[in-house]
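Visitor: In order, the protein sequence lines correspond to chains A and B. If you're matching positions, the first sequence starts at 1 in our numbering and goes up one per residue. If you're matching positions, the second sequence starts at 1 in our numbering and goes up one per residue. Attaching a single structure in structure tokens format; questions to follow.
There are 2 protein chains.
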Amino acid sequence: MNISTKLDEYNNQGKTFYSFEFFPPKTDFGLDNLYSRIDRMASLGPAYIDITWGAGGSTADKTFEMSKTIQKYFGLDVMMHLTCTNMPSDSIKKILSDAQKNNISNILALRGDPPDGSSAWKKNDSGFNYGADLVKFIRKEHGNNFFLGVGAYPETHQEQKNADLDISYLKEKVDAGADIIVTQLFYDVKNFLLFRDKCSQAGINIPIIPGIMPIHNYARFIKFTQFCKVSIPNSVSDALELIKNDDSSVIDYGIEQASNMCEKLIEEGVPGLHFYTLNLEHSVTEILSTLDLVSTHKSNRVLPWRQSTLDQRKLSEDVRPIFWSNRPVSYLTRTETWDDFPNGRWGDISSPTFGELNQYHAIRAGSQSDKVKARRRKLWGEPISIKEISDVFVSFCKGKINSLPWCETPLAIESKQILDDLVALNQEGYFTINSQPKVGGLPSEDPNFGWGAKGGKVFQKAYLEFFTSKDNLDRLVLRLDELNDISYQALSFDGDLISNLSENNVNAVTWGVFPGQGILQPTIVDARSFLIWKDEAFGLWINDWASIYKTNSDSYNLLHQIHDTHYLVNIVDNDFIDGNMIKHILEK
Amino acid sequence: MNISTKLDEYNNQGKTFYSFEFFPPKTDFGLDNLYSRIDRMASLGPAYIDITWGAGGSTADKTFEMSKTIQKYFGLDVMMHLTCTNMPSDSIKKILSDAQKNNISNILALRGDPPDGSSAWKKNDSGFNYGADLVKFIRKEHGNNFFLGVGAYPETHQEQKNADLDISYLKEKVDAGADIIVTQLFYDVKNFLLFRDKCSQAGINIPIIPGIMPIHNYARFIKFTQFCKVSIPNSVSDALELIKNDDSSVIDYGIEQASNMCEKLIEEGVPGLHFYTLNLEHSVTEILSTLDLVSTHKSNRVLPWRQSTLDQRKLSEDVRPIFWSNRPVSYLTRTETWDDFPNGRWGDISSPTFGELNQYHAIRAGSQSDKVKARRRKLWGEPISIKEISDVFVSFCKGKINSLPWCETPLAIESKQILDDLVALNQEGYFTINSQPKVGGLPSEDPNFGWGAKGGKVFQKAYLEFFTSKDNLDRLVLRLDELNDISYQALSFDGDLISNLSENNVNAVTWGVFPGQGILQPTIVDARSFLIWKDEAFGLWINDWASIYKTNSDSYNLLHQIHDTHYLVNIVDNDFIDGNMIKHILEK
């Protein structure tokens with residue numbers, strides 16, 4: 001989606017936006033890792049994500065692929081970088097037309113660095129020598145279809161001696177039709193402000209977004225600032241000098257220094273902050289948290305789940321089954337080909353066919369690599385008893401482990417409210433993979449549970465999903481049948497069904513009432529798509545967990561045994577006011 | 001709809017059902033009057049309505065027409081009587097095939113009384129001499145498509161001397177395929193019980209429903225019991241003897257006597273009670289109330305409004321605009337041709353076209369008669385000032401007047417909860433025609449507000465609709481704009497719009513949350529259909545009110561002036577928890 005409207009909204013509401021820049025990793029493992037990271041960082045609420053351009057060859061393809069994937073599956077707007085150095089105009093034409101076809105609507109038009117190894121940029125004959133050439137070309141060929149960013153150097157380009165000439169080149173890019181300016185990194189706010197004043201004097205009126213690269217590592221910091229001829233204030237040099245051999249102190253200092261800079265920049269009224277993340281997560285997350293810019297608030301969510309940024313899907317999709325809420329990318333790939341989404345009635349949720357999981361595996365190409373397996377063994381250990389399996393789930397609940405095969409991201413804030421109950425359940429052998437507490441009408445602005453338009457009230461029925469043994473299940477069903485208000489469905493891998501629901505039952509578990517609107521009910525538990533989810537959920541015991549151990553090792557065998565004998569159970573407590581399902585389950 | 005399933009449900013739940021019998025009135029005025037009465041009596045919750053057969057000619061056509069209309073527009077199941085005396089088999093064939101086409105699925109198959117004036121029935125050659133002939137014919141021609149009732153005489157048919165022979169004729173009808181027996185009236189429960197025992201001995205096992213005719217008038221009672229040779233217990237004769245000249249005492253006694261009889265019959269386990277209403281409302285209503293059989297409870301409502309009994313509409317219609325809630329017949333006729341009903345999303349509520357009002361006027365053919373006009377003048381007086389108009393609306397709120405042009409039935413129980421507020425509003429010149437109080441999650445079993453499946457919770461936003469002057473409106477808008485949570489829309493006859501809504505706004509004002517289900521939201525305020533309703537609502541000032549006075553009389557002119565200058569306003573208080581819209585409007 002073209003981000004121009006979005007940025008206008010930030011501006012109208014007096015809010016500072018922020019964007020994250022990532023570069024395409026070289027390996028499948030790296031890419032898989034980065035996707036998980038981007039998925040987590042999405043919850044910080046960036047206005048958009050930059051993907052840098054791998055000049056020439058396969059890295060460029062990766063830029064394109066990543067941009068598409070992030071828009072499609074992670075619900076984030078993308079600004080794709082495009083450099084024109086050494087590019088024939090046919091290639092650029094093709095990239096732009098592919099971008100348009102794939103709904104990539106935001107481009108950062110750059111000259112680009114000189115080709116590998118050559119120390120200085122040389123003018124060539126392709127017609128694309130400067131950023132302005134690319135901006136002109138895009139506007140000529142595509143009118144206003146793209147939102148266009150251009151780069152700028154607050155401390156003058158390293159190849160440029162004359163600051164005024166640098167500004168006049170920038171002016172040329174702006175006049176050619178740029179919508180926004182993103183600056184090179186800098187560490188001295190004064191220099192940025194001087195640059196901004198000069199731009200203003202030169203008649204440059206589009207937003208200028210400062211580029212921030214938190215200091216992560218002393219050696220790299222020195223190398224980079226020297227290469228880019230970025231000046232370092234004495235205070236920064238002095239501070240680093242004392243800690244340069246202590247990597248973690250450098251990171252902490254980088255967070256502090258960048259936070260201070262950002263604070264000043266916000267005071268000076270910058271419309272947004274652009275973070276050069278270097279594909280790292282920690283520093284930017286901490287900086288945003290220090291600045292109190294991130295609403296951990298969910299209240300600016302339109303729906304409880306992250307919507308697609310693709311127009312067609314965004315407009316027509318207003319309900320999702322709860323089962324995939326911890327594996328949204330899997331859900332998105334499996335429903336990618338749907339023309340229609342189940343609507344408010346969702347009687348026909350099963351009418352479009354759920355796609356196969358192989359599409360998902362194509363995106364997560366690196367997820368079966370030895371590196372991933374090793375990392376998982378480190379996370380989940382080598383459990384050889386039900387008690388040790390239980391410990392893994394408990395550790396996840398307590399935040400000691402940040403993923404499980406069924407949960408790509410840590411436990412949601414909502415579920416943390418029932419943390420003690422979840423821990424107790426897992427200790428009793430109910431291996432929880434999804435849950436939400438009941439909510440009986442909180443304001444739509446509520447920091448944890450809120451979503452949708454202002455002034456509304458949101459509601460939830462308590463939901464619980466877990467694997468458990470047949471013995472546990474039998475005891476549970478006796479207990480559940482004592483309550484009136486419980487809907488449950490339990491399935492073994494081989495399809496044995498124990499349930500008090502009709503086969504096409506659909507239960508709304510999250511809904512909201514808003515001023516002047518109908519009731520929205522975006523999350524449902526529907527009996528038919530549980531059958532689809534069940535295959536995926538059981539598969540993860542084997543594909544994502546057992547497979548990380550040696551065949552026929554104790555852990556391998558234990559996980560296979562659980563897969564073969566346990567039941568996947570979902571339970572809804574329909575009493576969203578007074579219900580107390582978990583307590584009832586846990587009562588001796 | 002075939003009532004067999006419904007009667008089975010009553011039986012399974014151990015509930016006694018009741019049915020009301022009406023006959024086709026001779027005049028359009030009478031018919032219009034009766035439709036209003038049936039509409040009111042529908043709220044007593046009869047299992048079905050009997051319409052007697054006008055043997056031969058126009059009255060038979062009326063039977064058919066009434067049966068269709070009551071099913072289609074009043075949401076009641078109908079058992080249509082059909083007599084075969086002097087009917088050629090071609091006519092009967094045609095009637096049955098017409099009945100089937102029009103979804104009339106329940107028939108009381110009768111021999112019928114002898115033609116007018118002839119004192120005794122004579123066998124004829126048409127082949128239809130007895131009820132059994134008709135039952136056999138229907139089963140032969142239509143299999144089990146119809147639910148079939150037959151008549152019976154607990155005290156032996158007046159033409160029959162031999163009670164045993166009478167029972168054997170009944171057995172013949174039952175063997176021919178009758179589903180239910182409805183008896184002739186009686187006043188001695190002992191005789192009914194003896195008859196029932198004899199039926200049982202004769203192997204008659206289908207339900208036997210006692211026919212109850214409350215005593216309304218002494219002279220008619222004597223004439224009728226003599227004609228039908230119905231025995232009168234001494235206790236009844238003695239009681240009536242003392243009060244026979246006091247009509248109202250006779251009516252009161254009739255209610256008491258019938259109530260006692262019904263109580264005994266219920267104790268004796270009759271499955272249902274059939275009331276010969278003689279097109280009267282009072283006695284039956286009182287008897288049912290004495291017996292405590294009627295749930296004034298709404299809790300057995302599937303939706304807050306009375307559903308259609310026609311299958312297609314019943315299955316596909318789950319939302320209605322609130323505007324027509326006091327004129328359901330008008331809404332039903334205007335939407336009769338719709339193939340699709342707006343569904344849970346109702347984005348497209350205006351896509352099917354609302355039909356014209358002339359269909360409605362066809363049903364209410366007598367509504368413009370002089371008799372109706374005279375009755376209305378008696379109801380609404382001859383107001384010549386805004387104050388006197390205000391008095392009419394206040395009288396309606398207080399139940400002194402049981403209809404207004406916009407309200408075909410008295411104020412709903414729900415609105416009575418805000419009665420004092422409504423009176424105050426009308427005294428201030430806000431002429432209220434529709435309203436509901438807010439409800440923040442009452443059980444679906446709530447006697448006043450409940451609807452839908454058991455164990456649910458129902459919600460409402462407060463709603464108010466009224467006519468008022470431009471001055472009042474201007475003051476009101478200032479007040480409403482002080483509140484955050486109000487949606488309003490005001491329209492003058494000539495289309496001047498004052499509103500804080502978008503033109504396609506849709507607001508759910510009644511919804512329910514049920515165990516294991518999605519949220520149902522059956523009543524909406526939608527901005528676009530308000531434009532349609534507005535024409536109808538303004539039209540009623542002229543067509544139903546001004547028209548009852550002489551042209552250019554003071555009342556006539558006053559009503560025209562209101563029509564020309566007032567605004568029709570709807571207001572929703574979106575705060576269904578703490579909102580207090582009316583108090584805010586009324587605050588000085």
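Glycine is no exception: its CB is placed at the ideal position from the N, C-alpha and C atoms. Being a predicted model, the structure only gives us computed values, none of them experimental.
Taking C-beta pairs closer than 7 Å, name the residues in chain A that Gln359/B reaches, listed in chain order.
Guide: Chain A residues near Gln359/B: none, gap ~29 Å exceeds 7 Å.
Visitor: Among the residues of its own chain, which have a CB less than 6 Å from the CB of Ala258/B, if the five just before and after it don't count?
Guide: Hits under 6 Å: Ile212, Pro214, Ile287.
Visitor: On a Cα-Cα basis, can you pick out the residue from Ser43/B, Cys84/B, Asn103/B that is closest to Lys68/B?
Guide: Closest option to Lys68/B, Cα to Cα, is Asn103/B.
Visitor: May I ask you to report which of helix, strand or coil DSSP gives Phe449/B?
Guide: Phe449/B: coil per DSSP, three-state reduction.
Visitor: Ignoring anything shorter than 3 residues, give me the beta strand (DSSP E) runs that lie fully in the segment 28-109 of chain B, in order along the chain.
Guide: Taking only runs of at least 3 residues, the beta strand (DSSP E) segments lying wholly in the segment 28-109 of chain B are 48-51, 78-83.
Visitor: Val506/B versus chain E: which residues are under 8 Å apart at the beta carbon?
Guide: Protein chains in the displayed structure are A and B, and chain E is not among them.
Visitor: Report the residue from Glu141/B, Val182/B, Leu194/B whose alpha carbon sits nearest the alpha carbon of Ala163/B.
Guide: Ranking the options by Cα distance to Ala163/B, first place goes to Leu194/B.
Visitor: Distance check for Asn326/A and Lys62/A, CA to CA, integer angstroms please.
Guide: Near 26 Å, if we compare the C-alpha coordinates of Asn326/A and Lys62/A.
Visitor: Taking 8 Å as the CB-CB cut-off, is Gln307/A touching chain B?
Guide: So, not an interface residue.
Visitor: What do you get for Glu267/B, buried or exposed, if any count of 16 or more other CB atoms within 10 angstroms of its CB means buried?
Guide: Classification of Glu267/B: exposed, given that the 10 Å Cβ count is below 16.
Visitor: Using the DSSP secondary-structure output, state which residues sit across from Leu148/A in a beta bridge.
Guide: Paired residues: Ile107/A.
Visitor: Would the beta-carbon of Leu265/A fall within 8 Å of that of Pro321/A?
Guide: No, Cβ-Cβ distance for Leu265/A and Pro321/A is not below 8 Å.
Visitor: Hey, does Ser299/A have any beta-carbon neighbour from chain B nearer than 8 Å?
Guide: Because the pLDDT of Ser299/A is 49, which lies under 50, any placement of that residue in the model is unreliable, and the number read from its coordinates should be weighed accordingly. Chain B, which has no Cβ nearer than 8 Å to the Cβ of Ser299/A, makes this no.
Visitor: Using CA atoms only, rank isn't needed, just tell me which of Phe221/A, Lys438/A, Leu357/A is closest to Leu278/A.
Guide: For the residues Phe221/A, Lys438/A, Leu357/A, the minimum Cα distance to Leu278/A belongs to Phe221/A.
Visitor: Using 8 Å for Cβ pairs, my map puts Ser415/B next to His566/B. What's the rounded Cβ distance?
Guide: The pair is not a contact, with the Cβ atoms about 21 Å apart (cut-off 8 Å).
Visitor: Taking Trp533/A as the query, report the chain B residues whose CB atoms sit under 9 Å from its CB, ordered along the chain.
Guide: Per Cβ cutoff of 9 Å: no residues; Trp533/A is ~18 Å from chain B at best.
Visitor: What residues in its chain sit with their C-beta under 6 Å from that of Gly344/A, if we drop five residues either side in the sequence?
Guide: The pLDDT assigned to Gly344/A is 43, lower than 50, so where the model puts this residue is not dependable; a value taken from the coordinates is nonetheless given after this. Contacts found: none.
Visitor: I'd like to confirm the pairing. Which residues does DSSP put opposite Ile582/B in its beta bridges?
Guide: None; Ile582/B has no bridge partner.
Visitor: For the pair the segment 22-35 of chain B and the segment 366-379 of chain B, tell me if three or more CB-CB distances fall below 8 Å.
Guide: Yes, they touch.
Visitor: Please list, in chain order, all residues of the same chain as Gly203/B whose beta carbon is under 8 Å from its beta carbon, the five residues on each side excluded.
Guide: Lys171, listed in sequence order.
Visitor: Against Asp339/A, what residues of chain B qualify as contacts under a CB-to-CB distance less than 8 Å, listed in chain order?
Guide: Here the premise fails: no neighbours, minimum Cβ distance about 17 Å.
Visitor: Looking at Pro304/B: is its Cβ nearer than 8 Å to the Cβ of Trp541/B?
Guide: Contact flag unset, no.
Visitor: What are the residues of the segment 549-582 of chain A that lie near chain B, defined by any Cβ-Cβ distance shorter than 9 Å?
Guide: From the segment 549-582 of chain A, only Val572, Asn574, Asp575, Phe576, Ile577 have a Cβ closer than 9 Å to chain B.
Visitor: Only counting the same chain, and skipping five residues up and downstream in sequence, which positions put a Cβ closer than 6 Å to that of Pro515/A?
Guide: Counting only Cβ-Cβ distances below 6 Å, and skipping sequence neighbours, we find Gly455.
Visitor: Do Cys84/A and Asp133/A have their beta-carbon atoms positioned less than 8 Å apart in this structure?
Guide: Yes, they are a contact pair.
Visitor: With C-beta atoms as the reference, is Gly512/A less than 8 Å away from Phe467/A?
Guide: Not a contact, by the Cβ cut-off of 8 Å.
Visitor: Going by the CB atoms, is the gap between Ser487/A and Val572/A shorter than 8 Å?
Guide: Yes.
Visitor: Hey, does Val513/B have any beta-carbon neighbour from chain A nearer than 8 Å?
Guide: Yes, contact with chain A.
Visitor: Using the beta-carbon count (16 or more within 10 Å), is His81/A buried or exposed?
Guide: With 16 or more Cβ atoms within 10 Å of its Cβ, His81/A is classed as buried.
Visitor: Looking at Phe147/A: is its Cβ nearer than 8 Å to the Cβ of Ser4/A?
Guide: It is a contact, given that the beta carbons lie within the stated cut-off.
Visitor: Can you confirm whether Gly429/A, when its beta carbon is compared against all beta carbons of chain B, has any partner nearer than 8 Å?
Guide: Closer than 8 Å: no.
Visitor: Specify the secondary structure class of Thr5/B as computed by DSSP and reduced to three states.
Guide: Correct three-state label for Thr5/B: helix.
Visitor: With distance defined between alpha-carbon atoms, name the residue in Tyr276/B, Tyr187/B, Phe493/B, Cys262/B nearest to Leu240/B.
Guide: That would be Tyr187/B, whose Cα lies nearest to the Cα of Leu240/B.
Visitor: Rounded to a whole number of angstroms, what is the C-alpha to C-alpha distance between Pro405/A and Glu382/A?
Guide: Rounded to the nearest angstrom, the two C-alpha atoms are 15 Å apart.
Visitor: Of all Cβ atoms in chain A, is any one closer than 8 Å to the Cβ of Ile524/B?
Guide: Taking Cβ atoms only, chain A reaches closer than 8 Å to Ile524/B, which makes this a yes.
Visitor: What is the C-beta distance between Ser591/B and Asn2/B, in whole angstroms, given that I count them as a contact (C-beta under 8 Å)?
Guide: Nothing can be reported for residue 591/B: it is not among the residues displayed for chain B, which extend from 1 to 588.
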